[in-house]
Amino acid sequence: MESLHKIDELGQKAHTVSPNCLMQMLGATSSGLSEEQSRFKLAAHGLNELPCEEPKSLLRMILHQFEDLLVRILLIAAVVSFVS
Numbered sequence: 165m166e167s168l169h170k171i172d173e174l175g176q177k178a179h180t181v182s183p184n185c186l187m188q189m190l191g192a193t194s195s196g197l198s199e200e201q202s203r204f205k206l207a208a209h210g211l212n213e214l215p216c217e218e219p220k221s222l223l224r225m226i227l228h229q230f231e232d233l234l235v236r237i238l239l240i241a242a243v244v245s246f247v248s
């Protein structure tokens, strides 16, 4: 990761650097990282996983639908139309 910060410090983004230069900066080869490098990066950065979110309940998802102002206005209009 330090290598990517070096790229940013130079004012370049990783996608603008040539693949060979980027691999050299990251210490990789065209066949990938060595076993030792991959173990080190795994220990330093952890698995390549997104954190799990707690699932939303059905009631919460339904109530979330009424947070929009336009939905509230339409709901009020429907109630007024029903009453009159």
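Counting the sequence shown from 1 gives a position; the working numbering is that position plus 164.
Just so it is clear, CB atoms sit at the ideal spot from N, CA and C, and this is done for glycine as well.
{"Asked": "Close Cβ partners of residue 197 (< 6 Å) along its chain, the five nearest in sequence each way excluded", "Found": "none"}
{"Asked": "According to DSSP, residues forming a beta bridge with residue 180", "Found": "None; residue 180 has no bridge partner."}
{"Asked": "Nearest-angstrom Cβ-Cβ length linking residue 187 and residue 193, presumed shorter than 8 Å", "Found": "7 Å"}
{"Asked": "Residue 184 versus residue 238 - alpha carbon distance", "Found": "58 Å"}
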